[in-house]
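A.B. asks: Below you'll find the structure I mean.
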Amino acid sequence: MMFEDSRRVRRPPEVTATVHAVSGLGYAPVSWSPGVRLGLRVDAEGVPPSSRPRIRLEDTPMHCPFCKNEDTRVVDSRVADEGQAIRRRRSCSECGRRFTTVESAVLAVVKRNGVTEPFSREKVMLGVRRACQGRQVDEDSLRQLAQQVEDSVRASGSAEIPSNEVGLAILQPLRELDEVAYLRFASVYRSFESVEDFQREIDDLRALPSRAANAHATAGSAAEGVDRP
Numbered sequence: 655m656m657f658e659d660s661r662r663v664r665r666p667p668e669v670t671a672t673v674h675a676v677s678g679l680g681y682a683p684v685s686w687s688p689g690v691r692l693g694l695r696v697d698a699e700g701v702p703p704s705s706r707p708r709i710r711l712e713d714t715p716m717h718c719p720f721c722k723n724e725d726t727r728v729v730d731s732r733v734a735d736e737g738q739a740i741r742r743r744r745s746c747s748e749c750g751r752r753f754t755t756v757e758s759a760v761l762a763v764v765k766r767n768g769v770t771e772p773f774s775r776e777k778v779m780l781g782v783r784r785a786c787q788g789r790q791v792d793e794d795s796l797r798q799l800a801q802q803v804e805d806s807v808r809a810s811g812s813a814e815i816p817s818n819e820v821g822l823a824i825l826q827p828l829r830e831l832d833e834v835a836y837l838r839f840a841s842v843y844r845s846f847e848s849v850e851d852f853q854r855e856i857d858d859l860r861a862l863p864s865r866a867a868n869a870h871a872t873a874g875s876a877a878e879g880v881d882r883p
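Once you know that position 189 of the sequence shown is 843 in our numbering, the rest is easy, because the numbers rise by one and skip nothing.
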């Protein structure tokens, strides 16, 4: 039996849950926040069989952005961003116009003041672009760096990450992209206060090629010691 249950699902407020809209063909993921009133599948005693809330597709219509009509349908779906998102082309039955929606896994950034906001590649690119001002770094390189940063933070497996982890994820690919831009970004991110702070970072950058050469030489020596058939 399916009916509306206005009870709140007991979950910690900091937890981000995933809800699946129920249809005759399967489930489609949608957003959900703790405390939202949802239609639940319950047993005869009114107890949900699992802790995962489910809502019916007809209860969550996608409104047309042009005429606000609720009757819209998906006419095409394609994978985007190397499998990180699904782009859906929708059509409105009222005005006949079409629009695109993007569905992706939720990734939230927790700022120092406790406020959370969705992860944004554009914000990553904006911060790095400022550091790259006057340098020969094109937009394609910035987009690629932002993708690397997102892949890195998503690899943690957490739906919420502290903002400082985003900054840490930027440093390594930016160092490889442009050392001057890296110094600019690191000076702000790590709050450099003196020339000595810059000098230590520069010394570390200069030591990188030496360490890489030593590692390569060690690997070569080890390979020479292996008996060849």
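The beta-carbon is built from N, C-alpha and C at its ideal position, and this holds for glycine as well.
Does DSSP put Arg783 in a helix, a strand or coil?
C.D. replies: Helix at Arg783.
A.B. asks: According to DSSP, is Arg808 helix, strand or coil?
C.D. replies: Helix, per DSSP.
A.B. asks: If we ignore side chains and look at the alpha-carbon of each, how far apart do Glu638 and Gln787 end up?
C.D. replies: Residue 638 falls outside the range modelled here, since the chain spans only 655 to 883, and no answer is possible.
A.B. asks: For Ser795, which three-state DSSP category applies?
C.D. replies: Reduced to three states, the DSSP call for Ser795 is helix.
A.B. asks: Between Ala734 and Arg741, how many whole angstroms is the CB-CB distance? I'm expecting something under 8 Å.
C.D. replies: Their Cβ separation, rounded to whole angstroms, is 5 Å, which keeps Ala734 and Arg741 in contact under 8 Å.
A.B. asks: Considering only their Cβ atoms, is the gap separating Val842 from Arg789 smaller than 9 Å?
C.D. replies: Result no, Cβ atoms of Arg789 and Val842 do not sit closer than 9 Å.
A.B. asks: Suppose you measure from the CA of Asp725 to the CA of Ala739; what does that come to, to the nearest Å?
C.D. replies: When rounded, the distance between both Cα atoms is 24 Å.
A.B. asks: So which of Arg860, Phe839 and Pro715 has the shortest CA-CA distance to Thr755?
C.D. replies: Nearest C-alpha to Thr755: Pro715.
A.B. asks: Would the stretch 807-823 and the stretch 750-769 be scored as touching if the rule is three or more Cβ pairs under 8 Å?
C.D. replies: In short, these stretches touch, since the Cβ pair count reaches three.
A.B. asks: With distance defined between alpha-carbon atoms, name the residue in Gly750, Gly737, Cys721 and Glu736 nearest to Val728.
C.D. replies: Out of Gly750, Gly737, Cys721 and Glu736, Gly750 has the C-alpha closest to the C-alpha of Val728.
A.B. asks: Along the alpha helix (DSSP H) that carries Ser841, what are the first and last residues, could you check?
C.D. replies: It spans Glu833 to Tyr843 - the alpha helix (DSSP H) in which Ser841 sits, taken as one unbroken run.
A.B. asks: Under 8 Å from any heavy atom of the ligand FMN, does the C-beta of Lys765 make it?
C.D. replies: This structure does not include the ligand FMN; it has no bound ligands of any sort.
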